[in-house]
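Engineer:
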Amino acid sequence: MKFSCNKQDLMEAINIVQKAVMTKATIPILEGIYIETNDSLKMVGNCYDMGIECSINADIQQKGSIVLNSRMFGDIVRRLPNSEVFIQVKPNFNVIIECDNSYFEIKGLSAEGYPMLPTVEEEQKISVSQTSLRNMIRKTIYAISNDENRKILTGSLIEANDGDLSMVALDGFRLAVAKVMIKEDTNFKAVIPGKNLTEIYKILEQSDKDVKITLSKNQALFELEQCRIISKLLEGEYMNYKNFLPEQFETNIVVDVSEIIESIERASLITNDDKRYPVKIVIEDNKMLITSNTDVGISKEELLININGNNMTIGFNPKYLLDSLKVADEEKVEIFFSSSVGPCIIKPIEGDSFVFMILPVRIK
Amino acid sequence: MGKVIILDENTANQIAAGEVVERPASIVKEMVENSLDANATSITVDILNGGKKSITIIDNGDGIDSDDVQMAFERHATSKIRSIDDLYTIATMGFRGEALASIASVSKVEVITKTLKAENGIRVKVEGGEFLYAKPTGAPKGTTFIVKELFYNTPARYKFLKRDATEAGYIHDAITRIALARPDVSMKFINQGKTTIHTPGNHDLLSTIYSLFGKEIAHSVIPLDSTAEGIKISGYAGKPEISRGNRNFEFVFVNGRWVYNKTIIAAIEDAYKTKLMQKRFPFTVLKLDIDPRLVDVNVHPAKLEVRFSDEQQVFRAVNFAVSSALSGTSLIHQVKDVGSMKEDNNSNLGPSKTELVKNKLGTSKSLSSHAEQTIIGLDIKQQQSHYTTRQIEQSMEIEQPRQIEQSMRIDQPKQIEQEKQIEQQMKIEQEKRFENISKPPHIVNYQSIANEMSKQAETDQAPSSQRENDKEKLLNSRVVGQAFESFIILELGDELFLIDQHAAHERVRYEKIKEQFTQNEFYSQGLMTPLAVELTEVEMQKYNELHDYITRLGFETEDFGNRTILIRSVPYIISGDFSSHDFRDILERLIGEVNRGVSGVSEIIPEETIYMMACKSAIKANRPMSTMEIEGLVKDLLDTTNPYNCVHGRPIIISIKKRELEKKFKRIV
Ligand SMILES: Nc1ncnc2c1ncn2[C@@H]1O[C@H](COP(=O)(O)OP(=O)(O)OP(=O)(O)O)[C@@H](O)[C@H]1O
Ligand SMILES: [Mg+2]
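For the protein sequence lines, the chains are A and B, in the order given. Just so it is clear: in the first sequence, position 257 is 887 by the working numbering, and no numbers are missing. Just so it is clear: in the second sequence, position 273 is 321 by the working numbering, and no numbers are missing.
1) Name the chain A residues whose beta carbon is nearer than 8 Å to that of Leu-575(B)?
2) How about Asp-518(B): is its C-beta nearer than 8 Å to some C-beta of chain A?
3) Between the segment 812-830 of chain A and the segment 765-773 of chain A, are three or more C-beta pairs nearer than 8 Å?
4) Beta-carbon of Arg-708(A) versus every beta-carbon of chain B: anything under 8 Å?
5) For Met-325(B), which residues of its own chain have a beta-carbon under 6 Å away from its beta-carbon, when the five flanking residues on both sides are left out?
6) Does the beta carbon of Pro-948(A) come closer than 8 Å to any beta carbon on chain B?
7) So what's His-595(B) in DSSP terms, helix, strand or just coil?
8) Could you tell me which chain A residues have their CB closer than 7 Å to the CB of Ser-627(B), listed as they occur along the chain?
9) Assign Ile-928(A) to one of two classes, buried (16 or more other C-beta atoms within 10 Å of its C-beta) or exposed (fewer than that).
10) Counting Cβ pairs closer than 8 Å, one from the segment 750-758 of chain A and one from the segment 788-798 of chain A, do we hit at least three?
11) Expressed to the nearest angstrom, what Euclidean distance is found between the alpha-carbon atoms of Tyr-308(B) and Phe-261(B)?
12) For ligand 2, which residues count as neighbours when the test is a C-beta closer than 6 Å to any heavy atom?
13) Does ligand 1 have a heavy atom nearer than 7 Å to the CB of Gly-109(B)?
14) Which runs of the alpha helix (DSSP H) fall wholly inside the segment 939-976 of chain A and span at least 4 residues, in chain order?
15) Measuring from the CB of Asp-85(B), is there a heavy atom of ligand 1 at a distance below 7 Å?
16) Within the continuous beta strand (DSSP E) that includes Asp-107(B), where are the two ends?
17) Can you tell me which of Glu-582(B), Val-343(B), Ser-534(B) and Glu-353(B) puts its alpha carbon nearest to the alpha carbon of Ala-666(B)?
18) Check whether the Cβ of Thr-191(B) lies closer than 7 Å to any heavy atom of ligand 1, and answer yes or no.
19) For Arg-807(A), decide whether its Cβ has a neighbour in chain B, counting only Cβ atoms nearer than 8 Å.
20) Closer than 7 Å to a non-hydrogen atom of ligand 1 - does that hold for the CB of Thr-126(B)?
21) Along chain B, in chain order, which residues have C-beta atoms closer than 7 Å to that of Val-971(A)?
22) Less than 7 Å between C-beta atoms, sequence neighbours within five positions excluded: which residues of the same chain meet that for Ile-613(B)?
23) Just to confirm, is the Cβ distance from Gly-704(A) to Met-631(A) under 8 Å?
24) For Lys-280(B), which beta-bridge partners are listed by DSSP?
25) Please go through the same chain and pick out, in chain order, the residues whose beta-carbon is closer than 8 Å to the beta-carbon of Lys-413(B), but skip the five residues on each side of it.
26) CA-CA distance, Gln-118(B) and Ala-147(B)?
27) Secondary structure at Met-501(B), three-state DSSP: helix, strand or coil?
28) Starting from the C-beta of Thr-185(B), find all residues in its chain whose C-beta is less than 8 Å away, skip the five residues before and the five after it, and write them out in chain order.
29) Determine which residues share a DSSP beta bridge with Asp-705(A) and list them.
30) Thinking just about the alpha-carbon of each residue, which of Lys-720(A), Ala-650(A) and Glu-735(A) is nearest to the one in Met-673(A)?
31) Asn-699(A) and Gly-662(A) - do their beta-carbons sit closer together than 8 Å?
32) Give every residue of the same chain whose Cβ lies closer than 7 Å to the Cβ of Met-641(A), excluding the five residues on either side of it in the sequence, and list them in chain order.
33) Near Ser-259(B), which residues of its chain fall below 7 Å by C-beta distance, leaving aside the five closest residues on each side in sequence?
34) Note down, in chain order, every chain A residue with its Cβ under 8 Å from the Cβ of Glu-604(B).
35) Let me confirm a value: Gly-283(B) is counted as buried when at least 16 other C-beta atoms fall within 10 Å, else exposed. Which label applies?
36) With a threshold of 8 Å between beta-carbons, can Gly-617(A) be considered close to chain B, or not?
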């Protein structure tokens, strides 16, 4: 095998496939990146839960394949000068890496036995822009649960339904739903492990280019221009989250997002440990009072808001409020309170690009 | 020849009169004390219905002379003092000649008694203070009192009695105190046919403690024995890990009598101050022997409170005794290398020195914690922790227990004076220590380390690292990083500090949860869907009993029928990490803990349950932390009441001196 390519391109591809390489595997081959030259240069990382395949432009002189230790290969390439990189595999599996005046010869592993990505039967396929998928992940991922006893909640539900694509995460205390429109009229449902979505999020770019999502029975395939990402799915039935969303509300308000974020952040300044004290929100006379009362002191923040409905006093974990408000990406949002002990809902003023639901803290 | 005489009126009037019979427990106390005064070596108390229905006290003491029995029931009839002068030197428990008369006036009393010399016993019956009869009867040597229908003729007072179980609890407590005061007497308590106390009467206090409180406590007490300022103090001080949620286990005896004395309690708690968390109280059985002339035992009619002619002196003596006993338990545990000393010894000679140290440490009761901490080649030694100005200052800052607080308000100038004196004395003490320290360093061998340790006076460096100092040091330390993603490493000057990150966060969380529990300010995070938990029949029953505790920990639950409960919200502080199994675990822990509660104690703080919740919500070992996070945790830790030890006494922070490392690398010897 012999090829040359641009260092930058190579580095980018390594960074991407590395996300699917195990750092501590029982057999060395699993700690490696699979490299293959055929019509183009293809690299693969695979850790069973997730596999990533990346193609890059390269000048291929000789076809072949090899597996290189991911960390070592990555570290070497990262430090190479920004120039053309020449890679050649010797019959004894030693790999020569040359770039300008640098020369490396490192041991490779036979590519035989490397777990290649499975083929995904193309059953249902939809496409959505990278930016949209990125945003959906960002708006929901923080709400996944880490309760290993309820495995299904450690992933996000991805659901296509009559031209809508939604992503849902919930952890028992809060729920986040993000939605975009798609052209396809497909119906499907799958739960993707949260940690895979986090990696996918990092690979996605702010771009209008499409991601194609294909679902089969136990895996999902995300296809980008240069990349294919396969994720295992979580087994089991996801909760019927729509049932949790209340329909009747005692009070609703409209608030400026950055104002309320700042107020809550200031209110939680007076605790050393962010989780220790809830914030109390009092809504009355077109004012919103955010207070926290900790052993360190008291804080009070006042915001002008529009109120619709009854006055209300309610407590929240400030982290839950902030997590949601920070990903709202809106200037103003509408907050609906079902009661002082019931769930509250955050929505954009217009449209339904997201719904966040948070359960309050009962303050004695 | 009769022994009981009637005190002359003058004498009688000088003795504070008062209500001795308040409840069944006071009767038991008076009667048992009479038995003790009569030299009994075995006393059995048998009660029915919390003592309301009947109290039977059987002793094997001297008995009462037939001629005297009737007189014994009269007020101010006593065989124990003849005039007021005797009061200052009394060695007996009773002296007022009041108890029997008072008891007999409000109940139906029967006494069967026989002296050694008498041929026959005598049976006497008195009802409501009225003498009914006296007849001869067969009886063994000793006295049996049967007190029935307490307050039958004073219904108003009967009304004030509590539930049977509560009254039985008070009696249990009273007998516990007497049993501790008198390890030479075998005490037996039978409640409703069940024997709940039975002490060996073998003169050994530790066996008595064992029989009363069980193995765990008996294995966690440090003996103390000291004579200072003419006061002899002996007994046991519990290790911090067996601390309690209330003061009921700070037993104090003065000249063989259980007493309550604010000064002594303050002195004890002061000695424990840095070792226990707030609102935790030590387990102690402290016996003071002091010249009776310096003690006024007649402050309270029930003889519970005593006064000393020199309270400060008593404070110092007690504080010294307890602190000395505790001095093995520590501030930052210092890792010291004794392994390198091996080379200095000829290893062919007899048992290895390491072995020797281990044995030495292992057999010394007071040092068992050292033994546990002895790792091969490393001996975690504790720094001198008591008697420094800083600590005394601190003890003045920390809130005093409420009752003591009150007493302090009254004679505050005196108290301050007292503290000053203590401080002064401590300084002298400390200086003496420094003298020892500044001796030229010598090559220490194991034997001498062990010896010095058993003297509990081992100090190879200035005892300067007290709380505030430590705090300052640690806050100014450079964060070196994290080892094994589990231990935080800090560096300052010539010292490295290692902090167990999980233990540290656990300590922080523990104190928070406990504070919220005690202040009843629980926050519950609502759940989107209620969590159904199925319980066993027994668990369900316990769940109902413990509902209040469960709620105060922050759960909102309801009985859903069919042995299923619904959890609607969970404790705020553990919500982020809450897993469906946690509730059961917590309930299980709570059941074990609250059931162990002691009679007479109506409410306990479920320390272990809280600790478990803290553990659950604390960051785990094997978790990377950013520098900022580390700094935050260190700061939080230093704000806790005890940043040094986890609840079970394991160290949270240890330090290693540069010197020790240099020794390891053979740079210095
Ligand atoms: N169990 C007993 N064995 C022998 N003598 C007893 C016993 N109980 C009571 N007496 C005798 O009865 C007397 C009266 O007892 P009582 O308890 O009323 O007075 P006290 O013990 O002298 O003083 P106090 O009122 O302070 O207890 C005692 O002095 C003692 O002589
Ligand atoms: Mg008496």
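Built from N, CA and C at the ideal position, the CB exists for glycine as well. It should be emphasised that the depicted structure is a prediction, and the values quoted were computed from it without experimental measurement.
Structural biologist: Short version:
1) Counted from its first residue, the second sequence places residue 575(B) at position 527. The CB of Leu-575(B) comes closer than 8 Å to the CB of Gly-802, Phe-803 and Leu-989 in chain A, given here in chain order.
2) On the second sequence, position 470 is the one that residue 518(B) refers to. For Asp-518(B), the answer is no, since every Cβ of chain A falls outside 8 Å of its Cβ.
3) Touching, yes.
4) As a working mapping, residue 708(A) is identified with position 78 in the first sequence. Any Cβ of chain B closer than 8 Å to the Cβ of Arg-708(A) would place that residue at the interface, and such an atom is absent.
5) Residue 325(B) sits at position 277 when you count from the first residue of the second sequence. Result list for Met-325(B): Thr-689 and Asn-690, in chain order.
6) The residue given as residue 948(A) occupies position 318 in the first sequence. Not one chain B Cβ lies under 8 Å of Pro-948(A).
7) As a first step, residue 595(B) must be located in the second sequence, where it is residue number 547. In the structure shown, His-595(B) sits in a helix (DSSP, three-state: H, G or I).
8) Along the second sequence, one-based indexing puts residue 627(B) at 579. Residues of chain A with a Cβ closer than 7 Å to the Cβ of Ser-627(B) are, in chain order, Asp-777 and Asn-779.
9) Walking along the first sequence from the start, residue 928(A) turns up at place 298. Ile-928(A) should be labelled exposed.
10) They touch, by the three-pair rule.
11) Taking the first residue of the second sequence as position 1, residue 308(B) is located at position 260. Taking the first residue of the second sequence as position 1, residue 261(B) is located at position 213. A straight line joining the alpha-carbon of Tyr-308(B) with that of Phe-261(B) spans about 20 Å.
12) Counting only residues whose CB is nearer than 6 Å to a non-hydrogen atom of ligand 2, the list in chain order is Glu-78(B), Glu-81(B), Asn-82(B), Gly-142(B) and Ala-147(B).
13) Position 61 of the second sequence, counting from 1, holds the residue named residue 109(B). Checking the Cβ of Gly-109(B) against ligand 1 gives yes.
14) Entirely contained in the segment 939-976 of chain A, the alpha helix (DSSP H) runs reaching 4 residues are, in chain order, 948-956.
15) Position 37 of the second sequence, counted from the first residue, corresponds to residue 85(B). Yes, the beta carbon of Asp-85(B) sits closer than 7 Å to at least one heavy atom of ligand 1.
16) Start at 1 with the first residue of the second sequence, and residue 107(B) comes out as number 59. Looking at the DSSP string, the run of the beta strand (DSSP E) that includes Asp-107(B) is 102-107.
17) Counting from one through the second sequence, the residue named residue 666(B) turns up at place 618. Ranking Glu-582(B), Val-343(B), Ser-534(B) and Glu-353(B) by Cα distance to Ala-666(B) puts Ser-534(B) first.
18) Working through the second sequence from its first residue, we reach residue 191(B) at position 143. Closer than 7 Å to some heavy atom of ligand 1: that describes the Cβ of Thr-191(B).
19) Here residue 807(A) refers to the residue found at position 177 when the first sequence is read from its first residue. A quick correction: the sequence has Val, not Arg, at residue 807(A). No - not a single Cβ of chain B is within 8 Å of the one on Val-807(A).
20) Walking along the second sequence from the start, residue 126(B) turns up at place 78. With a threshold of 7 Å, the Cβ atom of Thr-126(B) counts as near ligand 1, since some heavy atom of the ligand is closer than that.
21) Mapped onto the first sequence, residue 971(A) falls at position 341. The CB of Val-971(A) comes closer than 7 Å to the CB of Gly-574 in chain B, given here in chain order.
22) Here residue 613(B) corresponds to residue number 565 of the second sequence, with the count starting at 1. Once the five neighbours on either side are set aside, the close Cβ partners of Ile-613(B) are Val-581, Leu-583, Tyr-591, Thr-605, Glu-606 and Asp-607.
23) In the first sequence, counting from the first residue as 1, residue 704(A) sits at position 74. In the first sequence, counting from the first residue as 1, residue 631(A) sits at position 1. Taking the C-beta atoms as reference points, Met-631(A) is found no nearer than 8 Å to Gly-704(A).
24) The residue you call residue 280(B) lines up with position 232 of the second sequence. Partner(s): Thr-275(B) and Asp-337(B).
25) Translated into the one-based positions of the second sequence, residue 413(B) becomes position 365. With a pLDDT of only 35 at Lys-413(B), under 50, the local geometry of the prediction cannot be trusted, and no value is derived from it.
26) Reading the second sequence from its first residue, position 70 is the one you call residue 118(B). Reading the second sequence from its first residue, position 99 is the one you call residue 147(B). Rounded to the nearest angstrom, the two C-alpha atoms are 14 Å apart.
27) Locating residue 501(B) in the second sequence gives position 453, where the first residue counts as 1. With a pLDDT of 31 at Met-501(B), under the threshold of 50, the modelled position of this residue cannot be trusted; read the value that follows with caution. Here DSSP, grouped into helix, strand and coil, assigns Met-501(B) to helix.
28) For the purposes of this step, residue 185(B) is taken as the residue at position 137 of the second sequence. Excluding residues within five positions, the ones whose Cβ falls inside 8 Å are Ile-160, Asn-168, Gly-169, Ile-170 and Arg-171.
29) Here residue 705(A) is taken as the residue at index 75 of the first sequence, counted from 1. Per DSSP, none; premise fails for Asp-705(A).
30) Along the first sequence, one-based indexing puts residue 673(A) at 43. A check of alpha carbon separations from Met-673(A) across Lys-720(A), Ala-650(A) and Glu-735(A) identifies Ala-650(A) as the nearest.
31) Mapped onto the first sequence, residue 662(A) falls at position 32. Mapped onto the first sequence, residue 699(A) falls at position 69. Taking a C-beta distance under 8 Å as the contact criterion, Gly-662(A) and Asn-699(A) qualify as a contact pair.
32) Your numbering for residue 641(A) matches position 11 in the first sequence. Leaving aside the five residues that flank Met-641(A) on each side, the residues in its chain whose CB is nearer than 7 Å to its CB run, in chain order, Val-707 and Arg-708.
33) To locate residue 259(B), count along the second sequence from 1; it is residue 211. Non-local C-beta neighbours of Ser-259(B) in its own chain, meaning closer than 7 Å and more than five positions away in sequence, comprise His-246, Thr-247 and Pro-248, ordered along the chain.
34) Residue numbering aside, residue 604(B) sits at position 556 when the second sequence is read from its first letter. Listed by position along chain A, the residues whose Cβ is nearer than 8 Å to that of Glu-604(B) are Arg-992.
35) Locating residue 283(B) in the second sequence gives position 235, where the first residue counts as 1. So Gly-283(B) ends up on the buried side.
36) The structure shown does not extend to residue 617(A), since chain A is modelled only from 631 through 994, so no value can be given for it.
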